[in-house]
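Listed in order, the protein sequences are those of chains A and B. For the first sequence, my numbering puts the final residue at 473, and the numbers step up evenly by one. For the second sequence, my numbering puts the final residue at 92, and the numbers step up evenly by one. Remarks on the structure that follows.
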Amino acid sequence: YALSGSVWKKRTLTWRVHSFPKSSALSQEMVRTLMHHALTTWGVESGLKFQEVGSQSPAEPDIIIDFARAYHQDSYPFDGQGGTLAHAFFPGEHSISGDTHFDDEEVWTYGSKDGEGTDLFAVAVHEFGHALGLGHSSAPDSIMRPFYQGPVGDPHKYRLSQDDREGLQQLYGKVPQTPYDKPTRKPLAPPPPPPALPPDSPSLPTPDRCEGNFDAIANIRGETFFFKGPWFWRVQPSGQLVSPRPARLHRFWEGLPARVRVVQAAYARPSDGCILLFSGPQFWVFRDRQLEGAPRPLTELGLPAGEEVDAVFSWPQNGKTYLIRGRRYWRYDDAARRPDPGYPRDLSLWEGAPPAPDDVTVGNTGDTYFFKGAHYWRFLKGSVKAESDSPQPMGHKWLDCPAPSAGPHAPRPPKAT
Amino acid sequence: AAEEPSAQDVSLGVDWLTRYGYLPPPHPAQAQLQSPAKLRDAIKVMQRFAGLPETGVLDPATMATMHRPRCSLPDVLGAAELVRRRRRRRR
Chain A
57 YALSGSVWKK
67 RTLTWRVHSF
77 PKSSALSQEM
87 VRTLMHHALT
97 TWGVESGLKF
107 QEVGSQSPAE
117 PDIIIDFARA
127 YHQDSYPFDG
137 QGGTLAHAFF
147 PGEHSISGDT
157 HFDDEEVWTY
167 GSKDGEGTDL
177 FAVAVHEFGH
187 ALGLGHSSAP
197 DSIMRPFYQG
207 PVGDPHKYRL
217 SQDDREGLQQ
227 LYGKVPQTPY
237 DKPTRKPLAP
247 PPPPPALPPD
257 SPSLPTPDRC
267 EGNFDAIANI
277 RGETFFFKGP
287 WFWRVQPSGQ
297 LVSPRPARLH
307 RFWEGLPARV
317 RVVQAAYARP
327 SDGCILLFSG
337 PQFWVFRDRQ
347 LEGAPRPLTE
357 LGLPAGEEVD
367 AVFSWPQNGK
377 TYLIRGRRYW
387 RYDDAARRPD
397 PGYPRDLSLW
407 EGAPPAPDDV
417 TVGNTGDTYF
427 FKGAHYWRFL
437 KGSVKAESDS
447 PQPMGHKWLD
457 CPAPSAGPHA
467 PRPPKAT
Chain B
2 AAEEPSAQDV
12 SLGVDWLTRY
22 GYLPPPHPAQ
32 AQLQSPAKLR
42 DAIKVMQRFA
52 GLPETGVLDP
62 ATMATMHRPR
72 CSLPDVLGAA
82 ELVRRRRRRR
92 R
């Protein structure tokens, strides 16, 4: 490995995607998710933390990510498709330090099977190595080799080579080894196997996921979590149900008090990747699977004292957090950390949305989904009008349930607004 | 003997090697010529980065590699501390 000679003094770096690829098949949500995973690849080996900040954030992020073409005001003009793919600037005090540029004329892909295009995750991991202070390496399995080596596989599973880890630890020291502060970066790791129940104890009855009526639904690092009572199911980005058997809520979310019997809403906060679980007039903040601090009152997010929520989601179009109760909703500015004035407003502004939804989440393609009962309403990316074919039965599409039999006994969707 | 690279290849090769830090940028006042040994060493280092046989000449495989997709940053940084891992030779 080679060290550039510069390194960040701080251990938490902020980042933002300032411009997106114009012609790529990758949604903005997917680009942001891939950048998050690429940064986290370095974080898990060094203890560095990366926080995505919105465009309203007063301070300029440490790492600004752009997709640009040809001459773009730095000394590394791009050369069209092929040739040079990207570059990044080493750490430092200069405003461009850490910034990372990708050639917008490349065909950026993710997980392409036929080797078509250029794998954005692989190139992003390489470039963020520079943004942290590494130069190019000649080690055969290093991600810092100067030439593009093709995709590196699933971002959830990818791990840096020894050469890259050694170079990184020269710069930032070894990652803390104690189990509690060893950061996880993969999708939240499965919980330890439950202790064998004493033979005479009745095994807890588990709910039927195909009935729907979930308490909360959230997209957490590309996986969709479906919460119901003291259980939850997980669906991977590929749409694969992790297990038909639900996982135990309190075993997985370490520190969630036993008195919390139902999670009424949940979402992953884009600014720092923390997961917020809502129950009653409070919410709990988790970093990965560990509880961070005491429960917070919903009044912090702008709701009146004693109010509860049916649904919470963050809308990538404006980085705002929407909190829904019945036919009303409030809006919270995550970046500015304050409620937006002029709320609550009527939910009918989301044309076609059902009142008091079980929860709302934004899928990996950037579309917004309202869930209620055994149905979902789909809003295309950026739209506040439900698709005309909404609602649709959710079990078959989301939870690997049998296709609904049409006919008089099919469950009728609840009335929408 | 490997065929001699064409003058154009040598010119393109030297430009590429200079761009990515293997050769010092040319200095018009000094007009220092690149000694053949320096050029050969530069080519060898580039071949190591590329995982090619370190022949020290601009053979076709080396020239082809110079057209492969890559990162824009130089491979050899002036002040870089190139860490060579000493391989303990087992007797």
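Note that the Cβ used here is the ideal one computed from N, Cα and C, for glycine as well. Just so we're clear, the structure is a prediction, and the values are computed from it rather than from any experiment.
Hey, which unbroken runs of the beta strand (DSSP E) at 3 residues or more fall wholly within the segment 344 to 395 of chain A?
Here the runs fully enclosed are 367 to 371, 376 to 381, 384 to 389.
In the segment 192 to 216 of chain A, which residues sit with their C-beta less than 9 Å from some C-beta in chain B, listed in chain order?
Within the segment 192 to 216 of chain A, the qualifying residues are H192, S193, S194, A195, P196, M200, R201, P202, F203, Y204.
Option nearest G398/A by Cα separation, candidates E407/A, W406/A, Y385/A:
Counted from its first residue, the first sequence places residue 398/A at position 342. Ranking the options by Cα distance to G398/A, first place goes to Y385/A.
Which residue wins for smallest C-alpha separation from A178/A, given the options L403/A, K441/A, S198/A?
As a working note, residue 178/A is residue 122 in the first sequence. With respect to the C-alpha of A178/A, the residue from L403/A, K441/A, S198/A having the closest C-alpha is S198/A.
Which residue from L357/A, L59/A, E364/A, D220/A puts its Cα closest to that of S370/A?
One-based indexing of the first sequence puts residue 370/A at position 314. Closest option to S370/A, Cα to Cα, is L357/A.
Quick one: what's got a C-beta closer than 6 Å to T240/A's C-beta in the same chain, skipping five residues either side?
Start at 1 with the first residue of the first sequence, and residue 240/A comes out as number 184. Annotation note: pLDDT 45 at T240/A (below 50); position unreliable, no value reported.
DSSP on A124/A, reduced to helix/strand/coil?
The residue given as residue 124/A occupies position 68 in the first sequence. DSSP, read as helix, strand or coil, puts A124/A in strand.
Contacting residues, own chain, Cβ-Cβ under 8 Å from E172/A (five flanking each side not counted):
As a position in the first sequence, residue 172/A is number 116, starting the count at 1. Excluding sequence positions up to five before and after E172/A, its CB lies within less than 8 Å of the CB of V163, T165, all in the same chain and listed in chain order.
In terms of alpha-carbon separation, which member of P26/B, L18/B, V77/B lies closest to I44/B?
Sequence index remark: in the second sequence, residue 44/B carries index 43 (1-based). With distances taken between Cα atoms, I44/B lies closest to L18/B.
Taking 8 Å as the cut-off, is the C-beta of S131/A nearer than that to any heavy atom in the ligand ADP?
Ligands are entirely absent from the displayed structure, and the ligand ADP is therefore not among its contents.
Determine the chain A residues that contact D76/B at a beta-carbon separation under 7 Å, and present them in chain order.
By one-based count along the second sequence, residue 76/B stands at place 75. The contacting residues are H192, P202.
Using CA atoms only, rank isn't needed, just tell me which of L347/A, E348/A, G336/A is closest to L354/A.
Here residue 354/A refers to the residue found at position 298 of the first sequence. Per the C-alpha coordinates, the member of L347/A, E348/A, G336/A positioned closest to L354/A is G336/A.
Terminal residues of the alpha helix (DSSP H) in which H476/A lies:
Chain A is shown only over 57 to 473; residue 476/A falls outside these bounds and no answer can be derived.
According to DSSP, is R290/A helix, strand or coil?
Your numbering for residue 290/A matches position 234 in the first sequence. Of the three classes helix, strand and coil, the one that applies to R290/A here is strand, per DSSP.
Give the secondary structure of P25/B by DSSP, where H, G and I count as helix, E and B as strand, and everything else as coil.
To locate residue 25/B, count along the second sequence from 1; it is residue 24. DSSP places P25/B in coil when its eight states are reduced to three.
Could you check whether the Cβ of S60/A sits closer than 9 Å to any Cβ belonging to chain B?
For the purposes of this step, residue 60/A is identified with residue 4 of the first sequence, where counting begins at 1. Yes, S60/A lies at the interface with chain B (some Cβ there is under 9 Å from its Cβ).
Under 7 Å, CB to CB, which of the residues in the segment 87 to 117 of chain A have a partner in chain B?
If the cut-off is 7 Å between Cβ atoms, the segment 87 to 117 of chain A has nothing near chain B.
With a cut-off of 9 Å, does the C-beta of V179/A fall near any C-beta of chain B?
Translated into positions along the first sequence, residue 179/A becomes position 123. Residue contact with chain B for V179/A: present (Cβ-Cβ distance below 9 Å to some residue of chain B).
Cβ of S7/B within 9 Å of any chain A Cβ
Within the second sequence, numbered from 1, the residue matching residue 7/B stands at position 6. Interface criterion not met: the Cβ of S7/B is under 9 Å from no Cβ in chain A.
Given D256/A, which residues of its chain have a CB within under 6 Å of its CB, disregarding the five upstream and five downstream residues?
Here residue 256/A refers to the residue found at position 200 when the first sequence is read from its first residue. Low confidence applies here, because D256/A scores a pLDDT of 43, under 50, leaving its location unreliable; read the following figure in that light. In its own chain, leaving out the 5 sequence neighbours on each side, no residue places its CB closer than 6 Å to the CB of D256/A.
Quick one: give me the first and last residue of the beta strand (DSSP E) that Y425/A is part of.
Stepping through the first sequence from its first residue, residue 425/A is reached at position 369. Residues 424 to 428.
Contact set between the segment 58 to 69 of chain B and chain A, restricted to residues whose Cβ is under 9 Å from the partner
Against chain A - using a Cβ distance shorter than 9 Å - the residues of the segment 58 to 69 of chain B are T66, H68, R69.
Would you kindly work out how many angstroms separate the C-alpha atoms of Y432/A and H186/A, rounded to a whole number?
Reading the first sequence from its first residue, position 376 is the one you call residue 432/A. Reading the first sequence from its first residue, position 130 is the one you call residue 186/A. Distance between the alpha carbons of Y432/A and H186/A: 43 Å.
So which residues of chain B does G138/A contact, with C-beta pairs closer than 7 Å?
Taking the first residue of the first sequence as position 1, residue 138/A is located at position 82. Per Cβ cutoff of 7 Å: P70.
Classify G52/B: buried if its beta carbon has 16 or more other beta carbons within 10 angstroms, exposed otherwise.
For the purposes of this step, residue 52/B is identified with residue 51 of the second sequence, where counting begins at 1. The residue in question, G52/B, is exposed, as its Cβ has fewer than 16 Cβ neighbours within 10 Å.
E183/A: contacting residues in chain B (beta-carbon distance under 9 Å)
Within the first sequence, residue 183/A is the residue found at index 127, counting from 1. Simply C72, L74.
Using 9 Å as the limit for Cβ to Cβ distance, is Y132/A near chain B?
The residue labelled residue 132/A in the question sits at position 76 within the first sequence. Yes, Y132/A lies at the interface with chain B (some Cβ there is under 9 Å from its Cβ).
Cα-Cα, which of P286/A, G285/A, F123/A, P410/A is closest to A80/A?
Locating residue 80/A in the first sequence gives position 24, counting from the first residue. This sequence places Ser at residue 80/A; Ala is not what is there. Minimum Cα distance to S80/A is reached at F123/A.
For the alpha helix (DSSP H) containing D271/A, name the first residue and the last one.
Within the first sequence, residue 271/A is the residue found at index 215, counting from 1. For D271/A, there is no enclosing alpha helix (DSSP H), as DSSP marks it with neither H nor E.
Kindly list the residues whose CB is nearer than 8 Å to the CB of D219/A, restricted to its own chain and excluding five residues on each side of it in sequence; keep chain order.
The residue labelled residue 219/A in the question sits at position 163 within the first sequence. Cβ within range, chain order: Y57, S193, A195, D197, S198, M200.
Step through the CB atoms of chain A and report whether any lies within less than 9 Å of the CB of A49/B.
Counting from 1 along the second sequence, the entry for residue 49/B is found at position 48. Note that residue 49/B is Arg in the sequence shown here, rather than Ala. Yes, R49/B lies at the interface with chain A (some Cβ there is under 9 Å from its Cβ).
With a threshold of 9 Å between beta-carbons, can G14/B be considered close to chain A, or not?
Sequence index remark: in the second sequence, residue 14/B carries index 13 (1-based). Taking Cβ atoms only, chain A never reaches closer than 9 Å to G14/B, which makes this a no.
Length at least 4, wholly inside the segment 153 to 210 of chain A: the alpha helix (DSSP H) runs in chain order:
Under the rule that a run must span 4 or more residues, the alpha helix (DSSP H) segments found entirely inside the segment 153 to 210 of chain A read 176 to 187.
Among the residues of its own chain, which have a CB less than 7 Å from the CB of Q292/A, if the five just before and after it don't count?
In the first sequence, the residue the question calls residue 292/A occupies position 236. Leaving aside the five residues that flank Q292/A on each side, the residues in its chain whose CB is nearer than 7 Å to its CB run, in chain order, E279, V298.
Can you say whether D264/A is buried or exposed, counting buried as having 16 or more other CB atoms within 10 angstroms of its CB?
Here residue 264/A refers to the residue found at position 208 of the first sequence. Exposed: under 16 other Cβ atoms inside 10 Å.
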